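Chains as they are written, first to last, in the numbering used here: chain H, 935 to 1142; chain Z, 542 to 650; chain R, 25 to 212. We treat Cβ as the ideally placed atom computed from N, Cα and C, and that holds for glycine. Computed from a predicted model, the values in this text were never measured in an experiment. Since the structure comes first, as structure tokens, the remarks are kept for the end.
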Amino acid sequence: MSPQDDLPELNGLALEPDDLNGHTVEELSAYLDADRTPPDPSIDESPGCQLALQAMQRLRGLSAALAEADAEAEEKSARDEGWISRILGAIAVDARAGRRIPIAHPDPMADLGITEGAVRGIIRAAEDEIDGVIIGRCRFTGDVTVPDEPIGIVVDASVLWGTSLPTIADALRTAIRRRLAAHTDLNVQAVDVTIHDIHQLPAEEEPS
Amino acid sequence: MTATSESMAAALDRVIADVPGVTALYRTGGLLGQAVAAGKELLRPERESIPYVQLTDSGAHPSITVTIGVDERSATETCRLAYDTILTWLRANGHTDAAVSITVAHVTG
Amino acid sequence: MAGEHHRRPVETADDRIVAGRAADGDADAFRVLILRYGPLMRGYARRILNSSDEVDDVVQDAFITAWQQLPNLERPEAVRSWLMRIVAHKAIGRLRARRPQLDITEIEPPAPETASPQRITEQRSQLEELSAALGELPEAQRQCWVLREVAGYSYDDIAGELDIPLSTVRGLLARARKYLIVRMEAWR
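This is how it looks when you write it as structure tokens:
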């Protein structure tokens, strides 16, 4: 970003319709916002308009730089642990409990269950077993609140650059199935893994 | 809650906390900040010692509701074990026909 | 690295993964979102509010709403602009609570201080100059401008957010731009 480039001196920049080939700043703004389409020769061929547009463009570049600078200036406050824990501390945990998935017991009086949120946590933890996987959103198909109902699991995943996708997906499916069998009574019919992102290791963790 | 039901609920808190595999007890309306820090520490007595277990009718037919966190071994097994343990304790203390509801809200690991 | 398990920190994942996890109730992932977009949201809130008094509160409030609404977010990969919208909405709500009526009357801002040689000798950076110029804008103009240029709102979205007619948005934006351009060009 070097706004101080070699544009002509614009101190005398005039922005009245007389100076802008009959156009208003409003029209020029809209033209700029529309990426100068459709092309309007009465703007494109007017030196006054071009000067104004260049100034607007420069302002726009500066605005983007300002937003970045603003964010940079906030880095420290945004990383303040006190502020972050105030946010986390104000968040209701049951907001994500979701549906209650029944757990069977021989005693018909027993009312046992596990929350959908907890089961999602179990699924996410499968990533710990497979190097190079991060699990994202996870969804259930079928009614998990009905015992023995056939259920499908759909998970989003990101894998490490350079790993074999089919191998990873297989390992992930197996790990998820095994964990769900250990922790729930769900009748899991299918586990679908969608790998949509390939991530890099953070530089400092690169194996030497 | 009456004093009796409160002490019964507090006793049940301890019974459930001692079940192998149970790592935490939660209150409805708990906050994420606490859940993040969850672990045995939620089981420590708090300043306001409101029991985690919700108890209605502390007589012969009590109704008990509790939300727990469990460890890696098996959520279903730990949950069933917690149920059996609660029922054994209730019978030993003269409460029959209890309605016990347990929900696993978090699995560690 | 015998037996050493290499944990993939969720910080390295893209927004779709991180926001998807947060939507599913993963507090650690939500924390990553706070670290990733907190600074941007704070800077943005500060611009809209034109003060630092309530930045902490407004952004905190925005994140709490975000946590509640995340499961309804259709495209988790678009979480950044979604968060910006929430914080814009909160900040504008806060301004409205201060002053219930957004003043959109045709009052012109005071004429920009043209080419004050003193300013030039002060050699303030252009960003500082723009920052100061924004602070001088009448509130309605500043809000429109920040929504448009920082958050990338469409004219329609600005009209909806500020609850003013589209034609008014156009006018306010044009006046804000005119003022800023003259101010910034004068400084060049």
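Item, Value
"Are there 16 or more other CB atoms within 10 angstroms of the CB of D1004 (chain H), so buried, or fewer, so exposed?", "buried"
"State the beta-bridge partners of Y567 (chain Z) as determined by DSSP.", "Z:T608"
"Bridge partners of D1090 (chain H), per DSSP?", "H:T1128"
"Rounded to whole angstroms, what's the CA-CA distance from V648 (chain Z) to E960 (chain H)? Just pull it up for me.", "58 Å"
"Take V641 (chain Z) and list the residues in its own chain whose beta-carbon comes closer than 7 Å to its own, dropping the five residues that flank it on each side.", "I605, Y624, I627 and L628"
"One question on the structure: do L596 (chain Z) and A550 (chain Z) come within less than 8 Å of each other, judged by their Cβ atoms?", "yes"
"If you measure beta-carbon to beta-carbon, which residues of the stretch 1057-1084 of chain H are closer than 8 Å to chain R?", "R1058, E1061, D1062, D1065, G1066, V1067, I1068, I1069, G1070, R1071 and C1072"
"Under the rule that 16 or more other beta-carbon atoms within 10 Å means buried, what is D1082 (chain H), buried or exposed?", "exposed"
"Using a C-beta to C-beta distance shorter than 7 Å, which residues of chain Z count as neighbours of H1130 (chain H)?", "Within 7 Å Cβ-Cβ: nothing; H1130 (chain H) doesn't reach chain Z, min ~26 Å."
"Go through its chain and collect everything with a Cβ distance to E950 (chain H)'s Cβ below 7 Å, but skip five positions before and after it.", "none"
"Thinking R45 (chain R) and R1058 (chain H) are a contact (beta carbons under 8 Å), I'd like their distance in whole angstroms, please.", "7 Å"
"Out of R:R71, R:A51 and R:T89, state which residue places its alpha-carbon closest to the alpha-carbon of A1031 (chain H).", "R:A51"
"Which residue marks the beginning of the beta strand (DSSP E) containing A213 (chain R), and which one marks its end?", "Not covered by the structure: residue 213 (chain R). The range shown for chain R is 25 to 212."
"Is it the case that the Cβ atoms of S1092 (chain H) and A37 (chain R) are separated by a distance below 8 Å?", "yes"
"When you compare the CB of D969 (chain H) with every CB in chain R, is at least one pair closer than 8 Å?", "no"
"State the Cα-Cα distance for the pair S548 (chain Z) and A1060 (chain H), rounded to the nearest angstrom.", "40 Å"
"Any beta-carbon of chain H closer than 8 Å to the one on H30 (chain R)?", "Residue placement at H30 (chain R) is poorly supported in this model, since its pLDDT is 44, which falls under 50; the coordinates still yield a value, given next. Interface residue, yes."
"If you count every other CB in all the chains shown that lies within 10 Å of the CB of M65 (chain R), and 16 or more means buried, which is it?", "buried"
"Is any beta-carbon of chain H found at less than 8 Å from that of A102 (chain R)?", "no"
"Going by DSSP in three states, Q595 (chain Z) sits in which element: helix, strand or coil?", "strand"
"Spell out whether any CB of chain H is found under 8 Å from the CB atom of Y624 (chain Z).", "yes"
"Quick one: does V648 (chain Z) have its CB under 8 Å from some CB of chain H?", "yes"
"Counting contacts by CB-CB distance shorter than 8 Å, is S997 (chain H) in contact with chain R?", "yes"
"Select from the stretch 1104-1124 of chain H all residues with a C-beta closer than 7 Å to any C-beta belonging to chain Z, and list them in chain order.", "A1116, H1117, T1118 and D1119"
"Is there a C-beta anywhere in chain H that falls below 8 Å from the one on R632 (chain Z)?", "no"
"Please report how far the alpha carbon of P1044 (chain H) lies from the alpha carbon of S546 (chain Z), in whole angstroms.", "Here the sequence assigns Ala to residue 1044 (chain H), which means Pro is not the residue at that position. Distance between the alpha carbons of A1044 (chain H) and S546 (chain Z) is about 21 Å."
"Please identify, using Cβ separations under 9 Å, the residues of the stretch 604-617 of chain Z that lie next to chain H, in order along the chain.", "T606, T608, G610, V611, E613, R614, S615, A616 and T617"
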